[in-house]
Each structure stands twice: as C-alpha cells, then as structure tokens.
Amino acid sequence: MILFFPLCILLQLLLQASATDVNENINSSADKQWTKAVIQKKAPYWEGVAVVNGEFKTLKLTDFLGKYLVFMFYPLDFTFVCPTEILAFNDRRSEFEELNAEVVVCSVDSHFTHLAWTNTSRRDGGLGPVKIPMLSDLNRQISQDYGVYLPELGHTLRGLFIIDGRGILRQTTINDLPVGRSVDETLRLLQAFQFTDSHGEVCPANWKPGAETIIPHPIKKRSYFEKVNEDCSGN
C-alpha cells in the first residue's frame, strides 16, 4: 500500500499532463488556422500600399472610419473570374458612394502587378483604369488575419467583408475559387445593415428597401407576421 498510493498519484499526474499537452496543441493549431475577423468585433487592422487611380498610395483601415467599407479579397491578378468581379464592383461604384460606402479589393500580388493589370485593356483580360483601390498583401498577413489565405496555393479564397463606420465587422462571405460574387447582393446587405442601424428594426429574409421589417419585440413583431401572412389560413 505504501508503494501503490504514490504510483496512483504519479499516474494521475501523467494523465493530466498529457491532457494539457493535447489541449495546448489543439489551441495552438486553432490559433494558427482560425481567423481574427469576427462578426460584431473590430475588423482586423490593415495597412499597405495600394494602387489608387493609377498611383501608389498607402492605405489603412482607419482611413474609412465613418463609412461602410466593402473589403474584398480575390485570388490573383491576370486570372479569370477575378477581373469580372473587380470590374462589376468598379462599374457600379457610384451606387456604393450613394450609400456612403467604399470598396477596396486586395490580393497577394504586388502593387506593381496591380498597376500592370490596370494598364492592360479589358479586351486583353486586364482591368483598364479603375476607381476602386487595389491593395497589395504581398506578405500574406492581411489575408491570414481575415482567414482567407490558402497556404498550399499561395493565394486567397474569395472573401468579402462588410465593415461599418465604427470599424465593426458586420458580414462575411467566403466563396470557393470557381464562383464570383454578386454586386446586387452586396448592395442589398449594405442597405439592410444601414436600415437596421438607423431604425432599430430587423430585416427578414430577402428584404429589400421599401419592404416590411420586423420590430424585435415578442408582441410587436406580430404586426409584421400578420401583414405577410394575411392570405394564409389556419393558425
């Protein structure tokens, strides 16, 4: 008994140490893989060199405080889906400006490559002159912070982040590589978040400006459900 008791304690301590090591490894792995971009929290800060109206300029996230920002990652310059997305957002830039919002696109290419792409005509797969800033993330830090970097490929997924005027992340969309994003849906989301910011009511599925919204109250919500279900029979 004299020997058995200390051995039990030793075994228990070894098991606890092993469990601690496993948990630390899991947490360490999660820290490396997971994103710093969390809804309702401050968007990860970034600063870098961008191509803005054909010139190099240092941009930082805080430059956009007071406005909504659509921060959009794309895989690579001189590719296939990417120019269609950038041009689609660029050509409707005025609609974002009407909502007091800006669009910034970002990839792991250098700012020199960005500039070369804007100096290539659309007919040749280039962008031509664009108004929206093109940020360089050459060291991959920004894309890692936002959880869109693919280390095995060396570039990013198609991540889109809506950040409000306080710098708070409000929405995230991440597409796999083959499929581009929708300007219409991005504008709809901006309008919905701005409506809820101003009015305190919440927006149901497929909401568009002018449609009914919901008062987030156990009793007052009924006014919405009675209107949209007035043709329904039963309970």
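When the letters of the sequence shown are read in order and numbered with my numbering, they come out as residues 1357 to 1591.
Glycine included, each C-beta is placed from N, C-alpha and C at the ideal position.
The structure presented is a predicted model; accordingly, all values stated were derived computationally and were not measured.
Judged by their CB atoms, A1406 and S1477 are not nearer to each other than the 8 Å cut-off. DSSP places E1586 in no beta strand (DSSP E); its state is neither H nor E.
Beta-bridge partners assigned by DSSP to A1457: Y1424. Annotation for E1441: Y1430, G1536 and R1537 place their beta carbon closer than 7 Å to its own, counting only its chain and skipping 5 residues before and after.
Looking at the DSSP output, I1571 shares a beta bridge with no other residue. Secondary structure of Y1580 (DSSP, three-state): helix. Checking the DSSP bridge columns, you'll see N1531 partnered with R1514.
DSSP links F1429 through a beta bridge to C1462.
Beta-bridge partners assigned by DSSP to S1492: S1463. With 16 or more other Cβ atoms from the protein chains shown falling within 10 Å of its own Cβ, C1559 counts as buried.
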